[in-house]
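Student: For the protein sequence lines, the chains are A and B, in the order given. Taking the working numbering, the leading residue of the first sequence gets 13, the next gets one more, and so forth. Taking the working numbering, the leading residue of the second sequence gets 27, the next gets one more, and so forth. Dumping the structure here so I can ask a few things about it.
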Amino acid sequence: MVEAGSMREGTGNLEQLDKEVLQCLDSVHLLLERREILHQTLRQGWMELTSARYTMGPARISSPLFSLKPHAPSAVVDVRGAHVDSTEKIGVPELEEEIAQVVITGPVAFHLVEIEQDERKDRWEIKNLTDDSATESDDELTIAEGSKDTTQPLHWFGALVSPHLRSAQSNFSKALDIVVELLNAQSEAAHAHGNVMSLRRAATEN
Amino acid sequence: MAAAQATARSSSLIAIIGDEDTVTGFLLAGVGNVDLRRKTNYLVVDTKTTIKAIEDAFKDFTNREDVAIVLISQYIASMIRFQIDSYNKPLPAILEIPSKDHPYDPSQDSILSRVKHMFSAEPTSSRS
Numbered sequence: 013m014v015e016a017g018s019m020r021e022g023t024g025n026l027e028q029l030d031k032e033v034l035q036c037l038d039s040v041h042l043l044l045e046r047r048e049i050l051h052q053t054l055r056q057g058w059m060e061l062t063s064a065r066y067t068m069g070p071a072r073i074s075s076p077l078f079s080l081k082p083h084a085p086s087a088v089v090d091v092r093g094a095h096v097d098s099t100e101k102i103g104v105p106e107l108e109e110e111i112a113q114v115v116i117t118g119p120v121a122f123h124l125v126e127i128e129q130d131e132r133k134d135r136w137e138i139k140n141l142t143d144d145s146a147t148e149s150d151d152e153l154t155i156a157e158g159s160k161d162t163t164q165p166l167h168w169f170g171a172l173v174s175p176h177l178r179s180a181q182s183n184f185s186k187a188l189d190i191v192v193e194l195l196n197a198q199s200e201a202a203h204a205h206g207n208v209m210s211l212r213r214a215a216t217e218n
Numbered sequence: 027m028a029a030a031q032a033t034a035r036s037s038s039l040i041a042i043i044g045d046e047d048t049v050t051g052f053l054l055a056g057v058g059n060v061d062l063r064r065k066t067n068y069l070v071v072d073t074k075t076t077i078k079a080i081e082d083a084f085k086d087f088t089n090r091e092d093v094a095i096v097l098i099s100q101y102i103a104s105m106i107r108f109q110i111d112s113y114n115k116p117l118p119a120i121l122e123i124p125s126k127d128h129p130y131d132p133s134q135d136s137i138l139s140r141v142k143h144m145f146s147a148e149p150t151s152s153r154s
């Protein structure tokens, strides 16, 4: 009876292990798919940037033109799944203080949030929210509040810019979406891999 | 003892370490941030950039609380591979991306290597 019980438990663990292995492989498959799409999107973006540089001149699109006036980003990331444990602190000798440790309880999910400054209302609005972020309270609208304005990066390169530069901007925006998907897949794959290794260890010990 | 916990869901920045074209592209997409001290969340790496400058930028971005993702071109990550491999914090997340002149090398991807290792280990039942 005891042997039958332990056999059932062993079978249950193996089923769980199979499930986790399949989950891991699915995440890795998604990861590889997203990597390929990211590469293609980035390549398109670089081509458009090169075309814009050819049209407008190399000096018109270069890093010295990046604005160093204080400004906020119009694309930020919302992180779910991680929480700050205020009782666990780790010492940081260089800072001579302690900082709260981030504890991860499961796969971390990233969500891209785009911010558009609404000058009429003198506040920032969130657009293109993913998943259930659209139901968040007004507190979420204050993420970019402060003295900094968001900036339109195209304006750094002149009033009239090549359509290739706009196209490059669109490609890199798409690449940003893919980066977030890639990170989510990476987080899932790492989490599933961790589960597989623990279950294998448990099965070996039994 | 129940730990007092606060959900860290505040929106965070995306930092970039890459060549001029990659950084320009992502800045066009709107990830650029400059604070009141003119501190940026990006580093443009060119032929004059030293390895120390890259290491310092990586260390700075990974220690900032307002950064959730650090994008780094894979060929630049290879220059500071030891520092990248020793990095084990969950946040900010590090993502190596291809660059214009250096395609992505999957053999250097840590997740893929770990999964490959998981399946390439010899099973104990196959031993005679």
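Glycine included, each C-beta is placed from N, C-alpha and C at the ideal position.
Output needed for ALA215 of chain A: all residues of its chain with C-beta closer than 6 Å, excluding positions within five of it in sequence on either side, in chain order.
Tutor: Closer than 6 Å at Cβ, skipping near neighbours: ASN25.
Student: For a test of the three-state rule: what should DSSP assign to THR147 of chain A, helix, strand or coil?
Tutor: Interpretation of THR147 of chain A is limited by its pLDDT of 38, a score under 50 that renders its predicted location unreliable; no figure is taken from the coordinates.
Student: With a 10 Å radius around its C-beta and 16 neighbouring C-beta atoms as the bar for buried, classify HIS128 of chain B as buried or exposed.
Tutor: exposed
Student: Step through the CB atoms of chain C and report whether any lies within less than 8 Å of the CB of ALA214 of chain A.
Tutor: The question asks about chain C, but that chain is absent: this structure's protein chains are A and B.
Student: CA-CA distance, VAL125 of chain A and LEU117 of chain B?
Tutor: 18 Å
Student: Who are the near neighbours of GLN35 of chain A in its chain, counting only those whose CB is closer than 7 Å to its CB and skipping five residues on each side?
Tutor: ALA204
Student: If we count the other Cβ atoms within 10 Å of its Cβ and call it buried at 16 or more, is PHE108 of chain B buried or exposed?
Tutor: exposed
Student: Measure from the alpha carbon of ASP163 of chain A to the alpha carbon of each residue in A:GLN181, A:VAL40 and A:SER86, then state which is nearest.
Tutor: Correcting the residue type first, residue 163 of chain A is Thr in the shown sequence and not Asp. Of the listed residues, the one whose Cα sits closest to THR163 of chain A is A:SER86.
Student: Taking the alpha carbon of PHE84 of chain B as the point to measure from, which residue in B:ILE102, B:ASP72, B:THR73 and B:LYS74 has its own alpha carbon closest?
Tutor: B:ILE102
Student: Name the residue from A:GLU45, A:SER63 and A:ALA202 whose alpha carbon lies nearest to the alpha carbon of ILE190 of chain A.
Tutor: A:GLU45
Student: Keeping to the same chain, check which residues put their C-beta closer than 7 Å to that of TYR49 of chain B; ignore five residues upstream and five downstream.
Tutor: Here residue 49 of chain B is Val; the residue named in the question, Tyr, does not match the sequence. So the qualifying residues of the chain are ILE42, TYR68 and VAL70.
Student: Would you decide whether THR23 of chain A is buried or exposed? Buried here means 16 or more other CB atoms lie within 10 Å of its CB.
Tutor: exposed
Student: Which residues, taken in chain order from the region 44-67 of chain B, show a beta carbon closer than 9 Å to some beta carbon of chain A?
Tutor: GLU46, ASP47, THR48, VAL49, THR50, GLY51, PHE52, LEU53, LEU54, ALA55, GLY56, VAL57, GLY58, ASN59, VAL60, ASP61, LEU62, ARG63, ARG64, THR66 and ASN67
Student: Here's the rule I'm using: 16 or more other beta-carbon atoms within 10 Å means buried, otherwise exposed. How should PHE87 of chain B be labelled?
Tutor: buried
Student: What does the alpha-carbon distance come out to for the pair VAL141 of chain B and TYR113 of chain B?
Tutor: Near 19 Å, if we compare the C-alpha coordinates of TYR113 of chain B and VAL141 of chain B.
Student: With a threshold of 8 Å on Cβ separation, who are the neighbours of LEU188 of chain A within its own chain once the five nearest residues in sequence on each side are excluded?
Tutor: ALA87 and LEU124
Student: In terms of residues, what are the limits of the alpha helix (DSSP H) holding ILE80 of chain B?
Tutor: 77-89
Student: Verify the CB distance criterion: does HIS83 of chain A have a CB-CB separation below 8 Å to chain B?
Tutor: yes
Student: Can you check DSSP and say which residues form a bridge with TYR68 of chain B?
Tutor: B:ILE42
Student: List the endpoints of the continuous alpha helix (DSSP H) containing SER199 of chain A.
Tutor: Where SER199 of chain A is concerned, the enclosing alpha helix (DSSP H) stretches over 175-217.
Student: What number of angstroms, rounded off, separates the C-alpha of HIS51 of chain A from the C-alpha of LEU62 of chain B?
Tutor: Computed Cα separation, rounded: 34 Å.
Student: Does the beta carbon of MET144 of chain B come closer than 8 Å to any beta carbon on chain A?
Tutor: yes
Student: Going along chain B, which residues have a C-beta under 8 Å from GLY57 of chain A?
Tutor: GLY51
Student: Check the Cβ of GLN198 of chain A against every Cβ in chain B and list those closer than 7 Å, keeping chain order.
Tutor: ILE137
Student: I want to verify the contact list: residues of chain B whose CB lies under 7 Å from the CB of LEU211 of chain A, in sequence order.
Tutor: Chain B residues near LEU211 of chain A: none, gap ~11 Å exceeds 7 Å.
Student: Between ILE80 of chain B and chain A, is there a C-beta pair that is closer than 8 Å?
Tutor: no
Student: Give a yes or no on whether 8 Å exceeds the smallest Cβ distance from ILE110 of chain B to chain A.
Tutor: The beta-carbon of ILE110 of chain B is placed no less than 8 Å from the nearest beta-carbon of chain A.
Student: Scan the region 20-42 of chain A for residues whose Cβ lies nearer than 7 Å to a Cβ of chain B and list them as they occur along the chain.
Tutor: CYS36 and VAL40
Student: Return the Cβ separation of LEU121 of chain B and LEU195 of chain A in integer angstroms, given the expectation that the two are a contact with Cβ distance under 8 Å.
Tutor: 6 Å
Student: Closer than 8 Å by C-beta to GLN100 of chain B: which residues in its own chain qualify, once you throw out the five before and the five after it? Chain order, please.
Tutor: GLU122, ILE123, PRO124, SER125, HIS128, TYR130, ASP131 and GLN134
Student: Near LEU77 of chain A, what residues of its chain come up, given a Cβ to Cβ distance below 8 Å and the 5 sequence neighbours on each side ignored?
Tutor: TRP168 and PHE169
Student: Helix, strand or coil for SER74 of chain A per DSSP?
Tutor: coil
Student: DSSP three-state call for LEU43 of chain A: helix, strand or coil?
Tutor: helix
Student: Find out if the Cβ-Cβ distance for the pair VAL192 of chain A, VAL89 of chain A is shorter than 8 Å.
Tutor: yes
Student: Indicate whether at least one CB of chain B lies closer than 8 Å to the CB of LEU50 of chain A.
Tutor: yes
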